[in-house]
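According to our numbering, the sequence shown holds residues 94 to 292 in order.
For glycine and all other residues, C-beta sits at the position ideal for the given N, C-alpha and C.
Given the structure is predicted, the values throughout are model-derived calculations rather than measurements.
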Amino acid sequence: MFVPRGIGCGGAPPSLLEQIHVKALNFVYNRSTPPKPYLSLPLPIVLNKNHNITFQHKNVTRVKAGPIIIISRSITRPRHLKNEMEIMHFLSKEYSAIPVVFFLSNISLIDTIAMFNSARVVIAPHGAGQIHLLWMRQGTAIIEISPAASFNGCFQPIATYRQVHSYIYFDPHASGRGGLQVNMTNFSQFFREVMQGRY
């Protein structure tokens with residue numbers, strides 16, 4: 094399997110996304126699933142960066158099983174979550190029955206695809222890790238934590254195509270490539286809203 098280069102962030106045509114999604118999952122789970130005709134959905138346009146944003150798809154059932162995955166960029170990359178351990182502590186305290194997984198990009202592609210295909214909720218700083226939207230089930234939730242000043246919404250077309258419920262949490266103080274930090278009071282309430290109907 095290969096992913097072609099030369100396509101801008103979020104700019105892949107839906108037919109290509111469907112082929113990649115189906116072929117990858119068929120390979121991981123050793124099954125044969127025909128590709129579906131790709132969805133023709135209006136893509137979201139983000140105008141207001143002053144408030145957190147929600148994109149939900151009507152008539153798409155919320156995923157109620159699987160782990161919460163935190164994509165960690167703390168080892169070497171910019172735009173890491175400065176207080177990801179606080180997020181982990183909040184999740185383990187408030188949602189103790191749900192497994193929480195730190196994803197460090199240190200496992201095989203096959204295991205990565207299987208992990209994200211099992212996810213209930215994914216928390217991710219804006220960055221290339223959000224390409225794992227391709228493997229998620231319809232109705233999975235992703236919370237993108239983004240600098241308010243430089244949000245570009247480039248992963249929204251993929252989330253829309255995959256019918257993943259997408260939530261954008263803005264850090265008003267972060268620079269484009271600096272670390273991100275959530276206000277835990279605000280984020281906790283935001284996360285509780287995301288989790289409604291998911292357990």
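- Nearest in C-alpha terms to leucine 174, of all of Tyr262, Gly290 and Ser125, is Tyr262.
- Every alpha helix (DSSP H) of 4 residues or more that sits fully in the region 158-190 is shown, in chain order, as 177-187.
- One thing to note: valine 257 has its Cβ within 7 Å of the Cβ of threonine 233.
- In the displayed model, tyrosine 262 falls within a strand according to three-state DSSP.
- Spatial neighbours of phenylalanine 183 in its own chain (CB-CB distance under 7 Å, excluding positions within 5 residues in sequence) are listed in chain order as Met277 and Ser281.
- Counting of Cβ neighbours within 10 angstroms places proline 250 among the buried residues, the total reaching 16 or more.
- According to the DSSP secondary-structure assignment, proline 106 is paired through a beta bridge with no residue.
- In this chain, valine 153 is not harboured by any alpha helix (DSSP H), its DSSP state being neither H nor E.
- In the DSSP secondary-structure assignment, serine 239 is bridged to Phe263.
- Alanine 207 carries a helical assignment under DSSP once its states are collapsed to helix, strand and coil.
- Under the 10 Å beta carbon count, leucine 109 is surrounded by fewer than 16 other beta carbons and is classified as exposed.
- A residue is called buried once 16 or more other Cβ atoms fall within 10 Å of its Cβ, and methionine 178, having fewer, is exposed.
- By the C-beta density criterion, serine 239 is buried, having at least 16 other C-beta atoms within 10 angstroms.
- Burial check for threonine 154: the Cβ neighbour count within 10 Å stays below 16, so the residue is exposed.
- In the three-state reduction of the DSSP assignment, isoleucine 200 falls in the coil class, being assigned neither a helical nor a strand state.
- Distances from the CA of leucine 273 to each of Ile161, Asn176 and Ile162 were compared; the closest alpha carbon is that of Asn176.
- Burial is judged here by how many other beta carbons sit within 10 angstroms of a residue's own beta carbon; tyrosine 122 has fewer than 16 and is exposed.
- Isoleucine 203 has its alpha-carbon roughly 30 Å from the corresponding atom of glutamine 289.
- Taking every protein chain shown into account, the CB of leucine 226 has 16 or more other CB atoms within 10 angstroms, so this residue is buried.
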